[in-house]
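Worksheet for the structure shown next.
2 protein chains.
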Amino acid sequence: MHLIFLGTGGSWPCKEYNVPAIAVKIGSEILLFDCGEGTQRQFMISKFSFMQVSKIFISHFHGDHFLGLPGLVQSMNLNNRTADLAIYGPKGTIKTISTLLDLGYFSAGFKIDLYELNDNARVNFDKYYVGAFSVDHDVPTLGYVLQERTRAGKFNLDKAKALDIPPGPFYRKLQQGKTITVSGRVITPDKVLGSPRPGRKLVYSGDTRPCDAVIKNAKSANVLIHDACLDSTLEQKAHIYGHSTARQAAEVAKKAKVKMLFLIHHSPRYNDLTILEEEAKEVFKRSIAAYDFLEYQIKHAK
Amino acid sequence: MHLIFLGTGGSWPCKEYNVPAIAVKIGSEILLFDCGEGTQRQFMISKFSFMQVSKIFISHFHGDHFLGLPGLVQSMNLNNRTADLAIYGPKGTIKTISTLLDLGYFSAGFKIDLYELNDNARVNFDKYYVGAFSVDHDVPTLGYVLQERTRAGKFNLDKAKALDIPPGPFYRKLQQGKTITVSGRVITPDKVLGSPRPGRKLVYSGDTRPCDAVIKNAKSANVLIHDACLDSTLEQKAHIYGHSTARQAAEVAKKAKVKMLFLIHHSPRYNDLTILEEEAKEVFKRSIAAYDFLEYQIKHAK
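Line by line, the protein sequences give chains A and B. According to the working numbering, the first sequence is numbered sequentially starting from 1. According to the working numbering, the second sequence is numbered sequentially starting from 303.
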């Protein structure tokens, strides 16, 4: 699970930071969380290819979070994409995005499916699911949980040898969690597999005031990416506009006991993010003020 | 008249070049020709302020020419713009742009007027006019002429003194082209003014195959900005997609007897523009392959 921040500013872009877009490579596909204007060009500057994007999750319909969609989709088309694309978002997604993708002289040569998600919706895929939850912004906004599925424990070769299991298909079946019968002996997978390995978990808050929904959904996440629009001296302003300060984001991270916090949606007033990162670190040490093109490898717990 | 290229690539952006946007500062206002995705951020990187943009002229409704509009307008709004904004374009402008500006949770706090221009339309302003003309692309597309009005000749102080005209209001009236009466003597402005000074002229071709409409409208222009999507080895491909090669752009410039040619809308395949500029220069010496943030001061003829 490889994370790359393609846009970490908010409200409007600035010279230093583009508007929100967070790409997560998981296997051979990329999931994209939000798609601000200019995301396709951020992809081109990064080492990731936008052609690998399989699913896009939009948090809400403020321009800085979705106006990069038509350009991205049109460039996918000009690059001869044939694979389907799924776009998820809150109420209004189908109308807003179908209108947006239909403007001017354009029709996509590949299938685009639009889905509206409610609070607590869950979309299931083979190796992970994505959960949506309502957060506390000034328009309907979703946060997202990307939860990898629990994987079987590690195969213990010594145990398999001790049990006299012949190498080959029997090993594979046990690894797949299947019970086998060897020379009349029934062997269950738990005899050769370690404890199940919990999947990795990434949570994106969307734009939000500090709220219990993020704390609840981000519980023990490997990574929480949280709105940190302003610093604490501007807490009242952050509240009025439906955002969080860096300190508040850190308090959420601490309560949720996440492993790592990334702050995003910095107001364009900060061309130096030190003030935001430092106030977050006072509350929660493992805080990083994310900047464009920052990469992070989310590893399995050992 | 100060020209800055904010985006010089075409079809889709690349690492080196953004999609088309050409800003022309004339007096205290900026006219913007096309507004591809990411134009607001290009403004932020440039020394121009997007708050000074008074009029936007869209050539056509392929995404790379207009998808920067909603982000630009929303950021104008977030920066508390109160001045009106006028947006001009071909048939379809009112529907397309009003839909685009109405998406998501947004309504502008300033007045935006949308105008559809026909072939040979002319929009008149105090110090200049903008003419529109149809070009040869694969969807309805306009080229634009920005023509500064002829200004009165230079005031000749020696002649005024020789005619015994008292300095002050009389001078100003003569400079404004008004006839005055001094101690019973009628003095017409031509007695103290040099020859009228022709206004500067800038022409933007939009996306187009080489065509007579550009040659006719660009006649003797100070600057022609012309589609040069591909090099001559790909002339057939350029034709199929409604574009020009750099050589064809130069041939148009030569026939129109312009003073300076800027090539734009380079295909993303060229990260080095030398091949385009060199083939244009073989036909028309004063050719420049424009790159993002290139600036050019359009001076009056001496």
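Cβ coordinates follow ideal geometry from the N, Cα and C atoms, glycine included.
Query                                                                                                                               : Result
Sequence-distant residues of the same chain with beta carbon closer than 6 Å to A:Q248, five excluded per side                      : P210
Beta-carbon spacing of A:Y303, A:H266 below 9 Å                                                                                     : As shown, chain A starts at 1 and ends at 302. That puts residue 303 of chain A outside it, with no answer to give.
Residues, ordered as in the chain, of the segment 24 to 51 of chain A that lie near chain B by beta-carbon distance below 7 Å       : E37, G38, Q40, R41, M44 and I45
Expected contact under 8 Å - CB spacing of A:V73 and A:I112 to nearest Å                                                            : 7 Å
Within chain B, partners of A:F106 - CB distance below 8 Å                                                                          : H364 and G365
Three-state secondary structure assigned by DSSP to B:N379                                                                          : helix
Separation of B:G309 from B:Q344, as counted between CA atoms                                                                       : 8 Å
Distance CB(A:L69)-CB(A:C35) smaller than 9 Å                                                                                       : yes
Of the residues A:F57, A:Q52 and A:G9, the one placed nearest A:G303, counting alpha carbons only                                   : Chain A is shown only over 1 to 302; residue 303 of chain A falls outside these bounds and no answer can be derived.
Exposure label - A:L85; buried when at least 16 CB within 10 Å                                                                      : buried
Beta-carbon proximity list for B:L403, same chain, < 8 Å, skipping 5 on both sides                                                  : L371, P372, V375, A410 and I414
Beta-carbon proximity list for B:P498, same chain, < 8 Å, skipping 5 on both sides                                                  : T452, R453, A454 and G455
Cβ separation of A:S205 and A:H226, assumed to be a contact under 8 Å, to the nearest whole Å                                       : 4 Å
Through-space distance from A:F61 to A:K95, alpha-carbon basis                                                                      : 11 Å
Proximity winner among B:K349, B:K393 and B:S534, relative to B:S361 (alpha-carbon distances)                                       : B:K393
Inter-stretch contact (C-beta, 8 Å, three-pair minimum) for the segment 182 to 197 of chain A and the segment 112 to 122 of chain A : no
Local Cβ density within 10 Å of A:L157, reported as buried at 16 or more and exposed below that                                     : exposed
C-beta contact flag for B:K521 and B:V432 at 9 Å                                                                                    : no
Residue closest to A:K259, alpha-carbon to alpha-carbon, out of A:L193, A:Q297 and A:E235                                           : A:Q297
C-beta neighbour in chain B for A:N18, strict 9 Å                                                                                   : yes
Extent of the continuous alpha helix (DSSP H) run through A:S98                                                                     : T93 to L101
Cutoff 9 Å: A:G242 Cβ touching any chain B Cβ                                                                                       : no
Straight-line gap, A:M44 to A:I4 (C-alpha atoms, nearest Å)                                                                         : 13 Å
From B:A323, B:F586 and B:V437, residue whose alpha carbon lies closest to that of B:K556                                           : B:F586
Same chain only: Cβ atoms within 6 Å of A:Y291, ignoring 5 sequence neighbours per side                                             : T8
Complete alpha helix (DSSP H) runs within the segment 42 to 73 of chain A (minimum length 4 residues, chain order)                  : 63 to 66
Residue nearest to B:F352 in terms of C-alpha spacing, selected from B:E581, B:G329, B:A462 and B:L334                              : B:L334
DSSP three-state assignment for A:I4, whether helix, strand or coil                                                                 : strand
Chain-ordered chain B contacts of A:P13 [CB-CB under 9 Å]                                                                           : G340, Q342, R343, M346, G373 and S377
A:A256 to A:I215 span [Cα, whole Å]                                                                                                 : 5 Å
Strand pairing of A:F155, partner residues [DSSP]                                                                                   : A:L193
Within chain A, the residues that B:T398 reaches when beta carbons sit closer than 7 Å                                              : L103 and G104
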